[in-house]
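Step one of this worksheet: look at the structure below.
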Amino acid sequence: QTEAAKAGAVKIALIVENTVDDKGWCQAMHDGIIAAQEQLPGRIEYAKVENTKPVDAGSAVRQYANLGYDLIICHGAQYKNTIIDAAKEFPDISFAFGTSSDIVGDNVFTYMPESEETGYLSGLIAGLTTKTNIVGLIGPVDGGDAARYNRGFVMGVQKVNPACKILVGHIGSFSDTVKSGEFAQADIQSGADVLTGSSQQALGALRAVADYKDKDIWWVGQDLAQISIPEGYKCIAASSYNYAAVIIGLVENLDAGIKGGLCIPMNFHNGGFVFGFNEAKCADKITPAIKTAVEEALANMKKTAGLLHNYTDVDYTKL
Amino acid sequence: MQNEKDQITNLRLEHITKRFPGVLACDDISLEIGKSEVLALVGENGAGKTTLMNIIMGLYQPDSGSIFINGQEVHLKTPNDAFDCGIGMVHQQYMLVPNMTVLENIALGMKDCWKTAKVDLKLVRDRIKEVSEKYGLAVDPDAFIWQLSVGEQQRVELVKTLCLGARFLILDEPTSALTPQETDELIVLLKRMSEELSIIFISHKLQEVAALSNKVAILRHGAVVFQGNTAEHSTSDIAALMTGHEVKLPENTEPPCQGEDALVIKDLCVKSDRGFMALDHLSLSVRNGEILGIAGVSGNGQRELAESITGLRRTSGGTITAFGDEIQNHTPNHIIRHGIGYIPEERNTEGIVPSMSIKENIILKDSSQSRFCSHTFLKQKYIAQYAENLRQRFDIRCPGINTAAGSLSGGNIQKVILAREIDRKPRFLVCVYPIRGLDLGAAEFIHKKLLELRKSGVGVLLISEELDELMNLSDRIAVIFKGQIQKTLDRKDATRRSLGILMAGVKDEKQL
Amino acid sequence: MNFVITVLTLTVRFSAALLIASLGEMFNQRSGIFNLGCEGIMCMGAFMGMLIPFSYAGAEAVPFYINLLGLLGGLASGIVLGLFFGLIVITFRAPQGIAGIGLQMLGVGIAGTLFRSYIGGTQSISGISSFDIPLLSQIPVVGKIFFTHNPIVYIAYLMVPLASYIIFKTPWGMKVRAVGTNPRAADSLGINVNRIRYQALATGGAMAGLAGAFLTLCQAKMFNADIISGRGFIAVALVYFGHWKPSRIMFGAILFTFAQTLQTQIQIFVPSFKYYEFLNMLPYVLVIAVLAISRESNKLGPSALGKPFNREMRT
Amino acid sequence: MKNSYKIWFKVSVVVIAVLSAILLGSLLIIAAGGNVLDTYWIIISGPFYSFRTFCEVLLRAIPLIIIALGVSVAYRSGIINIGAEGQMAMGIAAATAMAFAVEGAPKIVAIPLCILAGMAAGAVWGFIPGLLKAKLEVSELLSTVMLNYVAAQFYSFCLRVPLMDPAEIAGGGTGTAMSAKLPQNTILSKVVKGTVLHQGIWIALALAIIVYILMWKTSAGYKMRASGASSRAARYGGINVAFYLIVSMSISGAFAGIAGAVEVMGTHGRALEGITSGYGFSGVVVALFGALHPAGIIPAAILFGILLYSQVSLQLFTSVPPNLVTALQGVIILVIVSVQMIIDNPYIMERFRKRFFSRTKEAAA
Ligand SMILES: Nc1ncnc2c1ncn2[C@@H]1O[C@H](COP(=O)(O)OP(=O)(O)OP(=O)(O)O)[C@@H](O)[C@H]1O
Ligand SMILES: Nc1ncnc2c1ncn2[C@@H]1O[C@H](COP(=O)(O)OP(=O)(O)OP(=O)(O)O)[C@@H](O)[C@H]1O
Ligand SMILES: [Mg+2]
Ligand SMILES: [Mg+2]
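Shown next as structure tokens:
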């Protein structure tokens, strides 16, 4: 046990490439830590650096290490090398990064959201909601978490509505909300009436959807926060990472003297994801058919992990 | 401020002093110009003439001293104040905007044509027409400035100043780019104008000073060293007072040379920037050891001729043969290596790289020749020695060979170019307006060098507008008109009159 | 057919921000000031466009005049930054390229900072919506392409002839051109070079700020610190594309946006094109290619671009 | 003390500048709710806290020096290269590809080959705008800005498809777009163990010397400078201006490519999204700060490294929001360039002398 843990509080440092209010990837982790802080009162001390480019991460990590932090989380796979190096340099400190399923050191945790599951649920809803039989999918780049979510989405749509056309596009950036808004408008003009997207840029697309106030254009979200924002009235349902659970798990591991060497997958089975309908604002869109389909799929995924392991078979070029 | 309608009957400068960092440009200058007077201001390059005029125009603020108009002190803070007083100036460097038309350039200064939402170009056009007709200065109001030759630009400057309603004229070397005819016309014009307004006239050409002015002031190192009535002094007196020694422009007195052809041009056709035929089946030849002068009103293809010989412009027909080899449309470098030197018209922008040192400018054409360069490395020490040697031999006045060439005066820039071109030992030299804007001392020096070059057997193509220069130096003079050679005269047959008539486009004098 | 109409409609709609910003940059450059900081001004304008309606009513619908105030706020912030830039490059005569990069960092930095301090998160606003112009929008094909847009889009397009008129016909435009090409000549005629340059910077800044506010208020209807994402640099590049002529700049903005929407549509409808990165390159490559084959000489541009003016200093 | 006014002038300009930078910055900091003194203290003292932290500064200076050197070569030749960001990305991609191709080769062969690959790719990416400008009169400001985006997309493609780390997709996943770890024989080792500073610093310094020799000691450099200073005069002097334009732009791109190679081989050890980190733009600033001369570029790069480094330390030790650091960098750049111009302007100095020193002068006279 580290001294800090003995003293009762685990000092956690977070390093993110964007800002913690990006309503996307970085905020999810930040909110998770805050939530964990609330759930484990007095157990977590927390500090963060934002806007950290890969070159800056090394210095931030070392400074945190020297400041006596117990767990340093670099929220992004681009920090992999930084972590591997630092972990060797500071064997007494725990590190964590994701997304990754590699085991890279005794004092490194990795976490891997299996986002095809959330995408799948979104897909079910979209496939059952669409009236035009066209749905839109707006991705940042075809990699990492977003790629899994998107493929899951395609599987979901095809499961309930094989005739449905899925318009897939990638804007080539994680943060250009204007461009994703433009993309969403293009999708809508091309007949799509249910859209989804992941990462920070998706917010631009959601905003574009919300602009079609009285039209039958809908959104399924990849972040529960999207339900509560003003545009939420277009968001039929959303699922989220449950980083609070991950963080609590990490704290427990540290308490137990386990410093790393584990990969923590995130899925519905282990509570790494949460899902919610937007009952408050979109009740009439949540048809019994949708409810049944989603609840059934959810129940299955909760029971068994890895049901959608064949998500890599999805081939956009065959859509 | 002066009333708009007031004539300027008297302009007095008292104790004007102006210092630039490191230079005392005007040193306690006092001058006075009365009603209908023409004051000629002369002095060597860098004497401070332009600076003084800029002070009168409100462009520079004097460090001390005051200006009186009609006995009343005025404070000229901007050119607008000067305009309000009725002072107008034709600047030494053309103050024209190249990407605007003549019309717009003039409108730029005519505040009464600035309607809130629109420039009233019609008003400007009418005014130009009026001025053009009154003074016989023809300009094309719709031409863009960049399309005009230097002489045409000078004319636009003059028209502009007149259009702006100047009642006191300052002309800073207005004739340096004009042809003899134009110069004569201008002098006549100014003479006529001087009946109704006062003029300050700056020139390095003393015969103009004699012809036009009734008072003369000589500036040296920023101070007035002489003032007097023009009529009482001969031009050579003034030249001597100005330079401190007798000036005698050298003359070519040797018999015409009989060497072999150095440069032969046959049926050369070249397009101008504006796309018309600037050279139209032009033919001429120059022998070794001969100076062939090209006379002509600027804009008749001189620039294109020089540039096509030196490879800077593509030709569209005909041949240029130098020492037996055709060189048209070869690269400038190839032509340089073929032994052709070039003293360009625009010395400040083309002849030197202004921001580079004198030393570096000296090797501009030879930086990879074995003389200055071994295995791609420059021979710095040798270059410095060489440049220092040239500086002394060509009497380049500068703080040192590491000074930026652009900071030198025009005359010294010309000497740098001359030093480089002559000392590279060309087999043939193209030389365009070599003494334009230079003071007498510098002109004398440059002419001497050209004659030395001739003597050593080098052929020279001398393009000039100054008939005196041409007649002093050339063995033969060819007159160019609309891209063709009108006629080639031997020196003994060339007179100001015969050349002038040919330059005006009349081939045969009998036609008159 | 539908495909073509969609592409053209979206092209008109999305080109507005770039169009406004590059017309503004044209004014800067015509006066001889190279403002690489357009990106920063746009970001600040975008922030102001967000701040005003958001502080009034958050994401709720606000009266039109509040949105208008947002646009004006963006415009005003652009003027302030433009004049500040003028202080640096006109009065202090700092090199414009580097100062532009400084301005860009400053604008993006301030906007991001103030946003974090006073709004936070990624927030949205109701903004100004597109609407179909009655009757006109009913015209087949043309109606949809031209008459279904945000009111500001029309204003952006009206700015093209307006800017053209201002720069080529009015006394002020003439002075701007003179000052950007031969400041000495303008100076010798009593035109206050630096004042005109400040005015041009204020105009250009105003338009860049407006373009930013347009992005938040009319297009994205939200703000985050990355909202401009390089559009300011594209706007600067388009001025070169347009050879400082409003009509050609408009052509450039349309061409760029057209390629952008076209590639979007290709991504959507030609899924067999697996490597979308190459499609994302399309607008950039196309703009270079068109400029390369169009081969028009730059003779009429502002030749004093980037050079500070000093009456007494000779160069 | 004939020239004492010069010293007074410079001192007062600098003092005013520092005060105005502090004032402007303070306004921002206060608006953002930070502590002014702390903030400035961290920026200034952060890098000198220990040798290790200073190495962090040098680490950032390496790509800045290399890119700025390249930018200065182009700038001196009359072309403004703001495309270093894209050229660097191409360099990273090529060096990474080469690294996997030479896996197993001895270090002494592998490293130069990788750098060469990066250099070649950057050179190609510089060659294109050079050619476009020389032959088709396409403004480099347009083409380089556009090519930056093209390169960014291409780089992204490389990471996602041809260079994708096999380990990332080994488990059957889609994986995060990044390359595998570079083979050990292509990694630049650290200069001092325990710090981040890698051997790239020697490459940067060597390149500085090379640029100095190239530009000031060889005829090719002379010709490039002449072309840049006055293309018209250079053409008159028989210099093939178009050729040197293309050459200089290729060199400029090559340098950015080297910077990319060095960055991936020294700092990151694998190609990732976002490792160009805006160095391409900062490089232009550094080049101009450094007066387009190697001797100026090196200190300018270190200064800029200090600014960049403060990005992290400020967030760690103060409560200022991350974007404020960007804004402060902007303020500092603007203030420094203004000061530089004022100090170097003899006319303003002359006015200063007249205003404040003319009486002393008269008394002395
Ligand atoms: N803007 C300036 N900055 C610095 N020095 C200047 C400036 N203008 C003029 N000078 C200095 O003032 C002196 C006078 O220059 P000026 O241009 O008035 O000479 P000039 O008599 O007009 O010469 P020229 O016959 O060649 O026209 C020069 O020696 C020069 O050193
Ligand atoms: N920017 C400058 N700063 C300081 N001195 C200058 C500057 N430019 C020119 N000079 C000085 O001005 C003097 C004259 O310069 P000027 O340009 O007036 O020459 P010039 O003979 O009039 O040339 P031209 O005949 O082509 O007009 C030179 O002695 C030169 O040292
Ligand atoms: Mg002069
Ligand atoms: Mg003069």
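In order, the protein sequences belong to chains V, Y, E and Z.
The numbers in the first sequence follow the numbering used here, run straight up by one, and end at 433.
The numbers in the second sequence follow the numbering used here, run straight up by one, and end at 541.
The numbers in the third sequence follow the numbering used here, run straight up by one, and end at 299.
The numbers in the fourth sequence follow the numbering used here, run straight up by one, and end at 383.
We put the CB at the ideal spot given by N, CA and C, even for glycine.
Within chain Y, Pro50 have C-beta atoms less than 7 Å from the C-beta of glutamate 368 (chain Z), given in sequence order.
Within 7 Å of the CB of arginine 295 (chain E), the CB atoms of chain Y belong to Leu88, in sequence order along the chain. Residue state for histidine 310 (chain Y) is assigned as strand, using DSSP reduced to three classes.
Of the heavy atoms belonging to ligand 4, none sits nearer than 7 Å to the Cβ of threonine 204 (chain Y). If you ignore the 5 residues before and after serine 229 (chain V), its C-beta comes within less than 6 Å of the C-beta of Asp259, Arg262 and Tyr263, all in its own chain and listed in chain order. Within chain V, the residues Gly286 have their CB atoms less than 7 Å from the CB of glutamate 261 (chain E), given in chain order. Beta-bridge analysis with DSSP links glutamate 133 (chain Y) to no other residue. Residue contact check for alanine 43 (chain E) against chain V: a CB pair falls below 8 Å.
The alpha-carbon separation between glycine 190 (chain V) and phenylalanine 72 (chain Z) amounts to approximately 26 Å. Distance from the C-beta of asparagine 441 (chain Y) to the nearest heavy atom of ligand 1 is not below 7 Å. Assignment of methionine 182 (chain Z) by DSSP, reduced to helix, strand and coil, places it in the strand class.
For glycine 440 (chain Y), the enclosing alpha helix (DSSP H) begins and ends at 439 to 452. For aspartate 519 (chain Y), the enclosing beta strand (DSSP E) covers residues 513 to 519. At a threshold of 7 Å, aspartate 56 (chain Y) does not count as near ligand 4, since its beta carbon sits no closer than that to any of the ligand's heavy atoms. When C-beta atoms of the stretch 509 to 516 of chain Y are compared with those of the stretch 323 to 339 of chain Y, three or more pairs fall below 8 Å, so the two segments count as touching. At least one CB atom of chain Y sits nearer than 8 Å to the CB of tyrosine 254 (chain Z). A residue is called buried when at least 16 other Cβ atoms come within 10 angstroms of its Cβ; glutamate 231 (chain V) meets this threshold and is buried. At least one CB atom of chain E sits nearer than 8 Å to the CB of glycine 348 (chain Z). Runs of the beta strand (DSSP E) lying entirely within the stretch 301 to 353 of chain V, each at least 3 residues long, are 308 to 311 and 332 to 335 in chain order. With a threshold of 8 Å between beta carbons, tyrosine 182 (chain E) makes no contact with chain Z. Interface with chain Y (8 Å Cβ-Cβ cutoff): serine 237 (chain Z) is included. Residue pairing for lysine 162 (chain V): DSSP places it in a beta bridge opposite V:Leu128. Residues of the stretch 153 to 173 of chain E with a Cβ closer than 8 Å to any Cβ of chain Y, in chain order: Lys153, Thr154, Pro155, Met158, Lys159, Arg161, Ala162, Thr165, Asn166, Arg168, Ala169, Ala170, Asp171, Ser172 and Leu173. In the assembly as shown, tryptophan 332 (chain V) is a buried residue. Its beta-carbon has 16 or more other beta-carbons within 10 Å.
In the pairwise beta carbon analysis, the stretch 173 to 186 of chain Z is classified as not touching the stretch 29 to 49 of chain Z: fewer than three pairs are separated by under 8 Å.
When C-beta distances to chain E are compared with 7 Å, the residues of the stretch 130 to 144 of chain Y below that value are Glu133, Ala136, Leu137, Gly138 and Trp143, in chain order. Secondary-structure assignment with DSSP links histidine 284 (chain V) through a beta bridge to V:Gly253.
Cβ-Cβ distances below 6 Å link glutamine 177 (chain V) to nothing in the same chain once the five nearest sequence neighbours on each side are left out. Taking 7 Å as the cut-off, one finds no heavy atom of ligand 1 near enough to the beta carbon of serine 384 (chain Y). Close to glutamine 299 (chain V), with beta-carbon spacing below 7 Å, are these residues of chain E in chain order: Leu(-6). DSSP places isoleucine 133 (chain Z) within a helical segment (H, G or I) once states are collapsed to three. Ligand 4 has no heavy atom closer than 7 Å to the beta-carbon of glutamine 183 (chain Y). Between glycine 285 (chain E) and methionine 26 (chain E), the gap from beta carbon to beta carbon reaches 8 Å or more.
Chain order gives no chain E residues near glutamine 151 (chain V), where near means a beta carbon separation below 8 Å; the closest approach is about 19 Å. The C-beta separation of serine 214 (chain V) from glycine 374 (chain V) comes to about 12 Å, leaving the pair out of contact by the 8 Å criterion.
Residues Val357, Ile360 and Ile361 of the same chain have their beta carbon placed closer than 7 Å to that of valine 31 (chain Z), with the five preceding and five following residues left out of the count.
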